[in-house]
Every structure is written in structure tokens, then in C-alpha cells.
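J.:
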Amino acid sequence: MALRTPLYETHVAAGARTVDFGGWDMPVNYGSQIEEHHAVRRDAGMFDVSHMCVVDLRGDRVRDYLRHLLANDVSKLTQQGKALYSCMLRQDGGVIDDLIVYCMNDQWYRMVVNAGTRDKDLAWLRQVAGGFGVAVEPRTDLAMIAVQGPNARAKAASVMDAAVAPRALEIGAFFGLDAGSLFIARTGYTGEDGFEIMLHSDQVVAFWNRLREAGVAPCGLGARDTLRLEAGMNLYGNDMDETTTPLESGLGWTVAWEPQDRDFIGRAALVAQKARGDTRKLVGLLVEDRAVLRSHQKVIVAAVGEGEVTSGTFSPTLQRSIGFARVPAATGDRCEVEIRGKLVAARIVRPPFVRHGKVAVAL
80 MALRTPLYET HVAAGARTVD FGGWDMPVNY GSQIEEHHAV RRDAGMFDVS HMCVVDLRGD
140 RVRDYLRHLL ANDVSKLTQQ GKALYSCMLR QDGGVIDDLI VYCMNDQWYR MVVNAGTRDK
200 DLAWLRQVAG GFGVAVEPRT DLAMIAVQGP NARAKAASVM DAAVAPRALE IGAFFGLDAG
260 SLFIARTGYT GEDGFEIMLH SDQVVAFWNR LREAGVAPCG LGARDTLRLE AGMNLYGNDM
320 DETTTPLESG LGWTVAWEPQ DRDFIGRAAL VAQKARGDTR KLVGLLVEDR AVLRSHQKVI
380 VAAVGEGEVT SGTFSPTLQR SIGFARVPAA TGDRCEVEIR GKLVAARIVR PPFVRHGKVA
440 VAL
């Protein structure tokens, strides 16, 4: 039997169609996936992301631990609540998971990892923590709602306590606020402004219902996927995994090379890969026909070689098919994709495709 979030019965009562996602019964849509997508781009939508794993990391050496564990460097986090996006790597440079970590104080960092990698992530976190005396605490008592869209913060604040709402609206981008019963982060996975709100599981249904009464549209995993792809955001298991490194997954920007004496896990493998200069690269694709990109379709680059689509969908905002593909490093600005036995022309572009509701690529 699949796992269920505290909001599962609420989703069913609202007519959601549920699917198995990483071992969880999750809503894929409540009706029109396209309408849910547009609700986030134009107004405000909310997602149940309680399947994500929140982990509190505590100890006198937690900063040293994270500087060794992560490819990005938490020493960048000089302000309370500041967040950092990073990959957690194997020694060979393969991506164990991508995650967000918040610096709450010198002895407490909060991390959010993916649902499908939860067990292996926790095992790895604990294995590495042993040498640093860090306590790894999965917060199974917490649920999480992502409220996203141009009006998301205002609508979310309208259902918060009067003492909390003004503080929530003052949060800077990529910061988290511990507000007692709520942990409010100005982060997201859609390319829009908004909050990711953590709260106790026994409070989440009432909070979800208040958001709905405030005009925030419930949205499912279908819209979340089209939104994140338009926003140029990777999906673990599609666009990167343990067989790929950040350098070939469009995530080289998340690797902090300086200072050179920071010996993070996987550094030697990435240095060697970078020196070879034969790295594959992850690129954005924009199809110039009516065909729709899907994962695992073959990409052909004339006189260069072949690659593969890692993520693909029809973009409701662009009204075109878009995707990511891992291709040879020498790939230029054109390729073809094999779709149902036909070669379809595609243009290689730099994501994001959409930023804050506006088209960000030339059509």
C-alpha cells in the first residue's frame, strides 16, 4: 500500500485523481491540468508537498558537516534563515539527490530532500554525520504546502495569524522564517513567487481549507511538472541521478569550487571530469513542430553524435513542446528528435522557458 499525506482524504473529497508517485498516493489533478497550470502563472495555486522529507540537522559541527557533505558551500549562508540549493554527491560525482538547506543558527540547519530518495538520503546523511557528531532528525510530524503564483504570498498571508502575516511578507527570496507553528520559506518549484509552508500534520487540513477559501486553487503533480519544466528546474530521476554528475546535468552553477581546500564528497571526481573536457551537457529543447517531447526519446545532432530527452512536455504558456536533453558537449543550436519513427526539428535554447509568468526564450 502506498503512503499517504495528511491531506489525502481532502484531495479525494475534492475529486482529485491520484497516482503513485515515489511510493505516495498523490493528486495528479483536480480537473483541468491546464487550468491549474494557468492558475499558478496568473494568480495563485497550492500543492500538497507533504511527501517531501524535512530533516533537522543539529550539532556543534553541523556547518563543517554540511561543507563536506554538499557540493555547494553552506559558508555562503551568513544570515539567519538563508537557503541554499545544492546536490549531495557520491564519491564518483553521481547525484544522490538535490535539496534545499536553510541555516537557522550555528547549530541548526533544516534540509528538505525528495520523497523518492528519502530512505537512501537519510542513510547517507547518517553515515556521514557519524564523523561530525551531528544529529539527523526526520521531521515526520510536519506537513508542507507550496503556495505559488503572483498573488500567492498575499493570499497566503491573509490566512495567517495577525502577528505572523507581516513577518511572512517581509521574507526575502530564498529565506526561511521559523514563526512558531509555521515555518515559512520563500522558495518554490514553479518559477513564480510564493511560499513553501511547513506546519504540524494535525493543522494542515484546516490551513489548506483556509487557503482554498482565500481563492488559492488546489493543483496536482501534473501542473507542478509543466510549471517546473517551463521554469528550467531539474527533476531528480529524470534530469539527473546517481549515474550523472552536476556538470552534465545543467547544475555546474551549484558546485562551489572555492575555497580549493574544501574537500567535499565527489570533488576529486568532478575536478577530473572537468579536466577531461568531454562532459555531456543538459540543454533546453524547443520543438518547431506539433510533436510532443517525452523522456527517453533519441536526440540526433548532425556530425556530432546522439543524446536523449530527459524531460519533455507541452508547455501551456508557450503553446509549444519543450524539454531537456542530455547531449554531447559539442552540440550547437540545432538537433533532431526521433518521435514515433519520425525526425522532428528542435532548437536548443537556454532555460528557463518562462520566468515570472513571462516567456523567456525567443519563439
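Just so it is clear: in the sequence shown, position 69 is 148 by our numbering, and no numbers are missing. Beta carbons are placed, not taken as given, at the ideal position from N, Cα and C, and that holds for glycine. As the structure is a computational prediction, the values presented were derived from the model and not from experiment.
1) Span of the beta strand (DSSP E) holding Y109?
2) Please determine, among D342, V378, V119 and P338, the residue with the shortest C-alpha to C-alpha distance to L364.
3) Near D320, what residues of its chain come up, given a Cβ to Cβ distance below 8 Å and the 5 sequence neighbours on each side ignored?
4) Over what stretch of residues does the alpha helix (DSSP H) that includes D176 continue unbroken?
5) With 16 as the cutoff for other CB atoms within 10 Å, does Q339 come out buried or exposed?
6) When the Cα atoms are used, what is the spatial distance from R121 to Q170?
7) Just mark W196 as buried or exposed, buried being the case when its beta carbon has 16 or more other beta carbons within 10 Å.
8) Is the separation between the beta-carbon of P325 and that of G331 shorter than 8 Å?
9) In chain order, what residues of the same chain have a beta carbon less than 7 Å from the beta carbon of P395, not counting five sequence neighbours either side?
10) My guess is that A194 and W103 are in contact by the Cβ rule of under 8 Å, so how many angstroms apart are they, rounded?
11) For F126, which option in A233, R303 and C132 has the closest C-alpha, if you only look at C-alpha atoms?
12) Let me know the secondary structure DSSP gives E367 once reduced to three states.
13) Flag this pair as yes or no: are the beta carbons of L261 and Y188 separated by less than 8 Å?
14) Skipping 5 residues on each side, what residues in its chain have a beta carbon closer than 7 Å to that of T323?
15) Given this structure, state the Cα-to-Cα distance separating P431 from G138, to the nearest angstrom.
16) Which partner residues does A222 have in the DSSP bridge list?
17) Buried or exposed for D272, please, with buried defined as at least 16 other CB atoms from any protein chain shown within 10 angstroms of its CB.
18) Taking 8 Å as the CB-CB cut-off, is D240 touching chain D?
19) What's the gap between the Cα of I224 and the Cα of I276?
20) Determine the DSSP secondary structure at T266, reduced to helix, strand or coil.
21) Could you work out which residue in H130, R218, G270 and A241 is closest to G228 when comparing CA atoms only?
22) Nearest to V423 by CA position, among A441, L397 and V388, is which residue?
23) Is it a yes or a no for the segment 287–301 touching the segment 226–240, going by three-plus beta-carbon pairs under 8 Å?
24) Our contact map puts T358 next to E327 with C-beta atoms below 8 Å; I'd like the distance itself, whole angstroms only.
25) Return helix, strand or coil for I344, following the three-state DSSP convention.
26) How would you call T219, buried or exposed, if buried means at least 16 neighbouring beta carbons within 10 angstroms?
27) Using three-state DSSP, classify F403 as helix, strand or coil.
28) Is the beta carbon of V406 closer than 8 Å to that of V438?
29) Would DSSP call D304 helix, strand or coil?
30) In three-state terms, what does DSSP make of Q158?
31) Assuming K234 and A93 are in contact, meaning their beta carbons sit under 8 Å apart, how far apart are those beta carbons, in whole angstroms?
32) Please go through the same chain and pick out, in chain order, the residues whose beta-carbon is closer than 8 Å to the beta-carbon of Q376, but skip the five residues on each side of it.
T.: To lay it out plainly:
1) Within the sequence shown, residue 109 is the residue found at index 30, counting from 1. No beta strand (DSSP E) contains Y109, which DSSP labels as neither H nor E.
2) Here residue 364 refers to the residue found at position 285 of the sequence shown. The shortest Cα separation from L364 among D342, V378, V119 and P338 belongs to V378.
3) On the sequence shown, position 241 is the one that residue 320 refers to. Taken in chain order, the residues that qualify are G173 and V174.
4) Against the sequence shown, residue 176 aligns to sequence position 97. Per DSSP, D176 belongs to no alpha helix (DSSP H); it is in the beta strand (DSSP E), V174 to N184.
5) As a first step, residue 339 must be located in the sequence shown, where it is residue number 260. Exposed, since its Cβ has fewer than 16 Cβ neighbours within 10 Å.
6) Along the sequence shown, one-based indexing puts residue 121 at 42. Along the sequence shown, one-based indexing puts residue 170 at 91. Each residue's Cα considered, the two are about 43 Å apart.
7) Counted from its first residue, the sequence shown places residue 196 at position 117. Residue 196 is actually Thr in this sequence, not Trp. So T196 ends up on the buried side.
8) Residue 325 sits at position 246 when you count from the first residue of the sequence shown. Residue 331 sits at position 252 when you count from the first residue of the sequence shown. Contact flag set, yes.
9) What you label residue 395 is simply residue 316 of the sequence shown in a count that begins at 1. Excluding sequence neighbours, P395 sits near I113, H116, H117 and T305.
10) Position 115 of the sequence shown holds residue 194. Position 24 of the sequence shown holds residue 103. Contact holds; Cβ gap of about 6 Å.
11) Residue 126 sits at position 47 when you count from the first residue of the sequence shown. In terms of CA proximity to F126, R303 leads the group A233, R303 and C132.
12) As a first step, residue 367 is located in the sequence shown; it is residue number 288 there, counting from the start. In the structure shown, E367 sits in coil (DSSP, three-state: anything other than H, G, I, E or B).
13) Reading the sequence shown from its first residue, position 182 is the one you call residue 261. Reading the sequence shown from its first residue, position 109 is the one you call residue 188. No.
14) Working through the sequence shown from its first residue, we reach residue 323 at position 244. For T323, where only same-chain residues beyond five positions count, the Cβ hits under 7 Å are G173 and V174.
15) Translated into the one-based positions of the sequence shown, residue 431 becomes position 352. Translated into the one-based positions of the sequence shown, residue 138 becomes position 59. P431 and G138: Cα-Cα distance of roughly 38 Å.
16) Counted from its first residue, the sequence shown places residue 222 at position 143. Answer by DSSP bridge pairing, in chain order: L278.
17) As a position in the sequence shown, residue 272 is number 193, starting the count at 1. When all chains shown are included, D272 counts as buried.
18) You won't find chain D in this structure, because it holds only one protein chain.
19) As a working note, residue 224 is residue 145 in the sequence shown. As a working note, residue 276 is residue 197 in the sequence shown. Near 5 Å, if we compare the C-alpha coordinates of I276 and I224.
20) Walking along the sequence shown from the start, residue 266 turns up at place 187. Judged by DSSP in its simplified three-state form, T266 adopts coil rather than helix or strand.
21) Mapped onto the sequence shown, residue 228 falls at position 149. Ranking H130, R218, G270 and A241 by Cα distance to G228 puts G270 first.
22) As a first step, residue 423 is located in the sequence shown; it is residue number 344 there, counting from the start. For the residues A441, L397 and V388, the minimum Cα distance to V423 belongs to V388.
23) yes
24) If you number the sequence shown from 1, residue 358 lands on position 279. If you number the sequence shown from 1, residue 327 lands on position 248. With 8 Å as the limit, T358 and E327 qualify as a contact, their Cβ atoms being about 5 Å apart.
25) Indexing the sequence shown from 1 puts residue 344 at position 265. Correct three-state label for I344: coil.
26) What you label residue 219 is simply residue 140 of the sequence shown in a count that begins at 1. Exposed, by the Cβ-count rule.
27) For the purposes of this step, residue 403 is identified with residue 324 of the sequence shown, where counting begins at 1. The three-state reading of DSSP puts F403 in strand, counting E and B together.
28) Stepping through the sequence shown from its first residue, residue 438 is reached at position 359. Stepping through the sequence shown from its first residue, residue 406 is reached at position 327. Against a cut-off of 8 Å, the Cβ pair of V406 and V438 comes out as no contact.
29) Here the question's residue 304 lines up with position 225 in the sequence shown. Residue state, collapsed to three classes: helix.
30) For this step, residue 158 is matched to residue 79 along the sequence shown. Correct three-state label for Q158: coil.
31) What you label residue 234 is simply residue 155 of the sequence shown in a count that begins at 1. What you label residue 93 is simply residue 14 of the sequence shown in a count that begins at 1. That pair is no contact at about 18 Å.
32) For the purposes of this step, residue 376 is taken as the residue at position 297 of the sequence shown. Only E387, V388, G391, V416, E417 and I418 meet the Cβ criterion.
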